[in-house]
Amino acid sequence: MHAVVPPADGLVQTIGQGLIMTPPGPPALSAGQAGPVVLAENVRKCFGRTEILKNVSLTVMSGEVLGLIGPSGSGKSTFLRCINHLERTDGGSLKVCGEYVGYRRVGDTLHELGQKEIAARRAAIGMVFQRFNLFAHKTALENVMEGPVVVKREPRQHAREQARAWLARTGLSGKEDAYPSELSGGQQQRVAIARALAMGPRLLLFDEPTSALDPHNTAEVLDVMASLAAEGRTMIVVTHEMAFARDISTTLAVMNGGVITEIGTPHDILAGQPTRPPCATLASQC
Ligand SMILES: Nc1ncnc2c1ncn2[C@@H]1O[C@H](COP(=O)(O)OP(=O)(O)OP(=O)(O)O)[C@@H](O)[C@H]1O
Ligand SMILES: [Mg+2]
20 MHAVVPPADG
30 LVQTIGQGLI
40 MTPPGPPALS
50 AGQAGPVVLA
60 ENVRKCFGRT
70 EILKNVSLTV
80 MSGEVLGLIG
90 PSGSGKSTFL
100 RCINHLERTD
110 GGSLKVCGEY
120 VGYRRVGDTL
130 HELGQKEIAA
140 RRAAIGMVFQ
150 RFNLFAHKTA
160 LENVMEGPVV
170 VKREPRQHAR
180 EQARAWLART
190 GLSGKEDAYP
200 SELSGGQQQR
210 VAIARALAMG
220 PRLLLFDEPT
230 SALDPHNTAE
240 VLDVMASLAA
250 EGRTMIVVTH
260 EMAFARDIST
270 TLAVMNGGVI
280 TEIGTPHDIL
290 AGQPTRPPCA
300 TLASQC
């Protein structure tokens, strides 16, 4: 539980307008979503006495792809984990599609929800990790079916058909019955992406999804992610792949020392010219 720190006027930065297109195949639930998908206002996170996130404020609109880059230890993963409430926050406010993921607000105080409620809200957020996190004893198809059957209580037959479609969507037709140990790293990561998509997420979070992969497998995964971006899905992508960040992101943010130090178009950020110097718009961080 922590007090909500209301943002001062103008502290929250809206990051451009994203591309919204009707995707082929199963619908992208992000398409048509009105308002910000992610609204972070002065988010603080501490581990012990160390403040890891220092008043992070940003907005991600529907259809946007926010690339998040920055040096190791700067807080990128911690921020992603706070978004889907894998970590509690210590201050500020963080909403996905207008709702706190892990809290209920009573007056000026946030109270943590129960695990069931958190799981239900978290279902709107797909997260893809560096290390796949697949169930080793389940096939690719079973891994993708698991969430819809267990969390969303979908009938098995329907979930199975959908899972086949999602595996096809990530280029894995024919691999339905393979176990993770029988798949390459890139194929496992694409199962993980199919598993996230099967939940109908409004937001996809990627935390260095290719850093454990060789160049060939990296290219396969980046292709799938680029196609998801092109169909208008709302995504936050933490990556050290600068060329990919430049190509896929509608907006690029640089995090350093728990602070968003630069934000702008990929072209301007990578050319060293942020379109909006952070001190002008994110005054709390200066
Ligand atoms: N559970 C934890 N307990 C204590 N400290 C933590 C914990 N998780 C992360 N940290 C610390 O928080 C800081 C930010 O970590 P984080 O993993 O968010 O960085 P990052 O930007 O994702 O780095 P990388 O690019 O290496 O993945 C680091 O100093 C890290 O040691
Ligand atoms: Mg990290």
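Sequence positions in the sequence shown follow this note's numbering and run 20 to 305.
For glycine and all other residues, C-beta sits at the position ideal for the given N, C-alpha and C.
{"Query": "Cβ neighbours of Phe151 in the same chain (closer than 6 Å, five flanking residues each side left out)", "Result": "Gln207, Gln208, Ala211"}
{"Query": "Cut-off 6 Å between Cβ atoms - residues of its own chain near Ser49, not counting five sequence neighbours on either side", "Result": "Caution applies to Ser49, whose pLDDT of 39 falls short of 50 and renders its modelled position unreliable; the value that the coordinates give is listed next. For Ser49, where only same-chain residues beyond five positions count, the Cβ hits under 6 Å are Ser81, Arg221, Arg252, Thr253."}
{"Query": "Cβ distance (whole Å) where Gly133 is taken to contact Met274 below 8 Å", "Result": "Wrong, their Cβ atoms sit about 31 Å apart, outside the cutoff."}
{"Query": "Own chain residues within Cβ distance below 8 Å of Gly204, not counting five before or after", "Result": "Phe151, Ala231, Leu232, Asp233, Asn236"}
{"Query": "Endpoints, the beta strand (DSSP E) within which Thr78 is located", "Result": "69-80"}
{"Query": "Beta-carbon gap between Met261 and Leu289 smaller than 8 Å", "Result": "yes"}
{"Query": "Same chain, Cβ closer than 6 Å to Ser96, five either side skipped, listed in chain order", "Result": "Asp226"}
{"Query": "Continuous alpha helix (DSSP H) assignments of at least 4 residues falling wholly in the region 145-207", "Result": "159-169, 175-188"}
{"Query": "Local conformation of Ala47 per DSSP, three classes", "Result": "Reliability of the predicted coordinates at Ala47 is poor, the pLDDT of 35 falling under 50, and the value obtained from them is presented with this limitation in mind. Reduced to three states, the DSSP call for Ala47 is coil."}
{"Query": "N- and C-terminal bounds of the alpha helix (DSSP H) containing Met261", "Result": "261-267"}
{"Query": "Top-ranked residue by Cα proximity to Thr229, from His259, Asn61, Ile255", "Result": "His259"}
{"Query": "Endpoints, the alpha helix (DSSP H) within which Cys101 is located", "Result": "95-102"}
{"Query": "Identity of the residue in Tyr122, Gly190, Val84, Gly193 nearest Cys101 by Cα", "Result": "Tyr122"}
{"Query": "Sequence-distant residues of the same chain with beta carbon closer than 7 Å to Ile197, five excluded per side", "Result": "According to the sequence as given, residue 197 is Ala; it is not Ile. Same-chain partners within the cutoff: Thr158, Ala159."}
{"Query": "Same chain, Cβ closer than 7 Å to Asn103, five either side skipped, listed in chain order", "Result": "Val120, Arg141, Ile144, Met146, Leu224"}
{"Query": "Classification of Thr284 by the beta-carbon crowding that lies within 10 angstroms, buried from 16 upward", "Result": "buried"}
{"Query": "Contact under 8 Å by Cβ, Lys73 with Gly277", "Result": "yes"}
{"Query": "Any non-hydrogen atom of ligand 1 closer than 7 Å to Gly86 Cβ", "Result": "no"}
{"Query": "Residue span of the beta strand (DSSP E) that contains Leu271, given as start and end", "Result": "270-275"}
{"Query": "Option nearest Pro199 by Cα separation, candidates Glu161, Glu106, Glu83", "Result": "Glu161"}
{"Query": "Neighbour flag for Leu99 against chain D, beta carbons, 8 Å", "Result": "Absent from the structure: chain D. Only one protein chain is present."}
{"Query": "Residue interval of the alpha helix (DSSP H) (run including Val120)", "Result": "Val120 -> no alpha helix (DSSP H), and no H or E assigned at all."}
{"Query": "Element boundaries [beta strand (DSSP E), containing Glu60]", "Result": "55-66"}
{"Query": "Proximity below 8 Å, CB of Arg214 to CB of Val168", "Result": "no"}
{"Query": "8 Å Cβ shell around Met71 - same chain, five flanking residues per side excluded", "Result": "It is Ile, not Met, that sits at residue 71 in the sequence shown. Result list for Ile71: Lys64, Cys65, Gly94, Thr97, Gly277, in chain order."}
{"Query": "Residues of its chain near Gly166, where Cβ-Cβ distance is below 8 Å and the 5 sequence neighbours each way are ignored", "Result": "Ala142, Arg214, Ala217, Met218"}
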